[in-house]
Amino acid sequence: MATTPPVTGDPRNAVIASGKRAVQITANQVQPPSPLYLQAEDGLELAIFSPTIALPFIISVSVRWLRPDGEIVCVRRFFPCTLTTNLFLFTLGEGFLLDIEVHPTAAVTSDPGGIFTTVAIFRDQGDLSAPIWPLISDYITNTHTASWPYGEQILMQDTQGRIRSITGTAPAAGAEISETVPSNVRWLLKSASFTYAASVTVLNRQPGIIIDDGVNILYRYVAGQAVAASQTPRITASSSNQLGLQDGSGAILSIPDCLLLSAGFRWRTNTPNIQVGDQYSAPQYLVEEWVSV
Amino acid sequence: MPNKCNSCGGTYSATQPDGSRYFHACAPIPNPAFQPDPTKGPVNLQATIELANKRNENITGIDLVTKQPIIVSAGAGFIVL
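Structure below.
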């Protein structure tokens, strides 16, 4: 019985095994890929919030858009940030917005929580001018860029914060420590450490810690052990009660776990029997910080 | 360079070692009218009042003319040590 020899080598004999594709790609008269059409009155509003970051620093913004004549144009602009809050407006011209990317031009911060940026479409309508379409709402770091359309829109407290070890004010002799949460910032106070040098005046001092909102006391804790004359204990405030530190060389002040503090809130010492010759050192304290505008 | 607050006498650096900014604000002071409750012993809360000429370097806004930040209160100023 005769058999058909197998087809080999000649591609003209190839057979497409799959069926016809369901999706057909148009090669001409292609529609713009973005729903965001900008007119001449539209612009971009860029806001940069950096309450405690070292100033100045420069922000780079890259934008691609499709002009009506079919050309894709890419521009990169640089914005110097010299204030804690910086607002910039710029226009692109008519066309379809394709993407936006925002990042610092140099190493500024490695953590989120330091520089928050928003980008929105802004329409020039005189007195009625206002951002009408938020595009970007995100932190930027040395390695994380904020972008549209594939970036995330987050709230300022949605992500981990910036880890900071802060050296506070060394008070004058006989005065208390007081540290205030800066404007436009939220802190999670994790721990604090400082020394308290009691003068030779014979009297027991009882260091304590107070959390207040700038006016009203929210929390108070007093060390379990008094500080006698001429002692210089290192005092640590944390939410982990290490009672082993309660000796002449150390003392513990307990603070609430997850202690979130808004701008203007304070943590401060309160020391019954403090003497004019007593001296607190500058506190060193650990916080997680977010922008909070 | 550290600064010394002329209001409270505290010393501080407005720039942290990592370059971050620090905003000094004077601590409350003991209330001279406070009379401790002798029955409470040494844990008696030390009543405090705000310093009359308190310095607070936290920023409240921007001067639209000078474009410079406005601080809460200048107090008696500061000196650079």
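So the sequences go chain by chain: E and D.
Under our numbering, the first residue of the first sequence is numbered 269, with each subsequent residue one higher.
Under our numbering, the first residue of the second sequence is numbered 138, with each subsequent residue one higher.
We treat Cβ as the ideally placed atom computed from N, Cα and C, and that holds for glycine.
Since we're looking at a predicted model, the values are computed, not measured.
- In terms of Cβ geometry, E/Y548 and E/F462 form a close pair [threshold 8 Å].
- In terms of beta-carbon proximity, D/Q172 stays away from the interface with chain E, with every pair separated by 8 Å or more.
- Taking C-beta atoms as the reference points, E/F347 and E/I326 count as a pair closer than 8 Å.
- Between E/Q428 and E/G381, the beta carbon gap of about 7 Å places them in contact (Cβ cut-off 8 Å).
- Per the C-alpha coordinates, the member of E/G482, E/V370 and E/L323 positioned closest to D/C163 is E/G482.
- A straight-line Cα-Cα distance of about 5 Å links D/T152 and D/R158.
- A distance below 6 Å between beta-carbons, with the five flanking residues on each side excluded, links E/L527 to the following residues of its chain, in chain order: L457.
- Nearest in C-alpha terms to D/Q172, of all of D/I166, D/L182 and D/P165, is D/L182.
- Contact between the segment 533–542 of chain E and the segment 405–424 of chain E is not established, with fewer than three Cβ pairs separated by less than 8 Å.
- By the 16-neighbour rule on beta-carbons within 10 angstroms, E/Y418 is exposed.
- Under a criterion of Cβ atoms nearer than 8 Å, the residues of chain E adjacent to D/S150 are, in order, T435.
- Of all residues in the segment 181–195 of chain D, those with a C-beta nearer than 8 Å to a C-beta of chain E are N181, L182, Q183, T185, N193 and N195, reading in chain order.
- Not a single C-beta of chain D is nearer than 8 Å to the C-beta of E/I327.
- Taking CB atoms only, D/I207 has no neighbour in chain E less than 8 Å away.
- Between the alpha carbons of E/D379 and E/N354 lies a distance of about 20 Å.
- With distances taken between CA atoms, D/S210 lies nearest to D/E194 out of D/V202, D/Y149 and D/E194.
- Only those residues of the segment 484–498 of chain E whose C-beta falls short of 7 Å from the nearest C-beta of chain D are listed: R488, V490 and A494.
- Linking D/P167 to D/I208 through their CA atoms gives a straight-line distance of about 25 Å.
- Scanning its chain for C-beta atoms nearer than 6 Å, with the 5 sequence neighbours on each side dropped, one finds around E/A465 the residues T500 and Q547, in chain order.
- Where E/T385 is concerned, the enclosing beta strand (DSSP E) starts and stops at F384 to R391.
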